[in-house]
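In the numbering used here, the protein residues as written are 3 to 457. Only one structure is covered here, and it is reproduced in the block below.
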Ligand code: NAP
């Protein structure tokens, strides 16, 4: 895949980049290792000052960064502004809390003094996707840098200017040269990086094949990985729920980032008794959405990020129809528009046991299923290889407890939208990956948990 900025709203190639050659990659690794030797000795206070400065730079120049995201991957501009603000928030969160999260923890044993100390590991490689091109990187970089690690970023090939802008923000914030570098390289170079003795661990957010490939390369070298992969999150609506609120949130939950979010609600599982009402409301809301130029403020849905994603999504929709699904709205690419546009789409009547019902649809397509009761709802919710998030709607306490306990996912949100929040751990189970980002769990993923025993 070429490393290039191609505007998904027009198809125009705006800038191309030569990938780094082996000598240039080696120089970046040297710089990262040298930076680590000094950087690991800096204080939490110093790192916090730099990270707070990064937050201020994000806020000051937010319009430039937001435009960059919109131009490179098609995110509606207003969503891109919100993403920059969220990046500033995660920087401030870790600047404030990292010292507490990584403070020594005393433990009473037979020693005169024993405790746990958290220490940085060294160079951490981050392989990141294009869908939240700033947020995915900052939610890794903020805790990694606060822990005293240094970062190397291999960003998705379609967002090179975002990758370079992030490196620049961290440098301008005052972090030492080499503490965080972007490598403009293709995916084929990742295994070699994992084999380099100086790279101590890696995190990848992206697809299952990419995650499996990185984990295999890391496994050969006995190196730790965190994987945040795909999802096919259920959105369950039971009879006692506030149906209007559920339908409104369902629309946001499916359409956020033009449907290209790992934690987007993808399968809507609705109690038969209220299914007609929910379906009608959802259809009204989907058909009211504005698809168009992502730079225009009232656009709800921009283009999909690449022509390949558009093609894959359309193939899945056609496969769903072949398996028995019926299209309520949408269902074909918007060929009259330049760029990769797909309309809001609802598919009903897909057989729950079909292969396609278990796949992740990475775009503005909702699959709607009807179930007789909560048992069937939970069974269907869990009938997927993924286990990232789940949103469930009920006003019955007993149902709520069952949903919280029995849904197989890294997160369950009751009567709300699944979202990431710096204060809460984020990650999945099953084929959605392992490990956690954000919160105290996120900063403790890439540290040496050192046991100290003194007599
Ligand atoms: P992708 O193709 O896996 O790309 C993600 C990153 O991995 C890119 O930097 C890509 O580089 C790299 N990559 C691809 N193949 C690789 C390989 N064999 N070895 C090492 N690196 C490799 O994923 P995508 O299509 O961009 O993103 C969509 C997927 O990501 C969806 O499944 C979505 O659910 C998931 N996702 C998950 C989360 C989460 O937090 N769980 C968040 C966002 C997205 P190139 O661009 O150079 O190919």
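C-beta atoms are modelled at their ideal positions from N, C-alpha and C, and glycine is treated no differently. All values derive from a computational prediction rather than experimental measurement.
With 16 other Cβ atoms within 10 Å as the buried cut-off, status of residue i
i           : result
residue 109 : exposed
residue 447 : buried
residue 400 : exposed
residue 157 : buried
residue 199 : exposed
residue 47  : exposed
residue 453 : exposed
residue 85  : buried
residue 118 : exposed
residue 302 : buried
residue 16  : exposed
residue 221 : exposed
residue 39  : exposed
residue 253 : buried
residue 451 : exposed
residue 205 : buried
residue 337 : exposed
residue 328 : exposed
Which of helix, strand or coil DSSP assigns to residue i
i           : result
residue 395 : strand
residue 235 : strand
residue 186 : coil
residue 429 : coil
residue 116 : strand
residue 15  : strand
residue 280 : helix
residue 365 : coil
residue 200 : coil
residue 161 : coil
residue 22  : coil
residue 269 : strand
residue 307 : coil
residue 415 : strand
residue 149 : coil
residue 294 : coil
residue 140 : helix
residue 59  : helix
residue 44  : coil
residue 7   : strand
residue 77  : coil
residue 261 : helix
residue 356 : coil
residue 54  : helix
residue 167 : helix
Contact test: residue i Cβ vs the ligand NAP heavy atom, cutoff 8 Å
i           : result
residue 17  : no
residue 148 : no
residue 227 : no
residue 428 : yes
residue 131 : yes
residue 213 : yes
residue 231 : yes
residue 140 : no
residue 160 : yes
residue 1   : Because the chain is modelled from 3 through 457, residue 1 falls outside the range shown and cannot be assessed.
residue 77  : no
residue 206 : yes
residue 157 : yes
residue 40  : no
residue 3   : yes
residue 393 : no
For residue j and residue i, believed in contact at Cβ under 8 Å, the rounded distance
i           : j           : result
residue 331 : residue 308 : Wrong, their Cβ atoms sit about 24 Å apart, outside the cutoff.
residue 1   : residue 99  : Not covered by the structure: residue 1. The range shown for the chain is 3 to 457.
residue 426 : residue 440 : 6 Å
residue 432 : residue 374 : 25 Å between Cβ atoms; not a contact.
residue 271 : residue 236 : 5 Å
residue 10  : residue 341 : 6 Å
residue 233 : residue 315 : In fact, because the Cβ distance is near 15 Å, the residues do not count as touching under 8 Å.
residue 165 : residue 155 : 6 Å
residue 231 : residue 30  : That belief does not hold up - the Cβ atoms of residue 231 and residue 30 are roughly 26 Å apart, past 8 Å.
Residues sharing a beta bridge with residue i, DSSP
i           : result
residue 436 : 229
residue 122 : 449
residue 328 : 350
residue 402 : For residue 402, which the question treats as bridged, DSSP gives no partner whatsoever.
residue 156 : 129
residue 108 : 117
residue 372 : 272
residue 455 : 116
residue 389 : 431
residue 253 : Note: residue 253 sits in no beta bridge, so no partner.
residue 207 : 230
Cβ-heavy atom distance, residue i to the ligand FAD, below 8 Å
i           : result
residue 418 : With respect to the ligand FAD, the structure shown offers nothing to examine, as its ligands consist of the ligand NAP.
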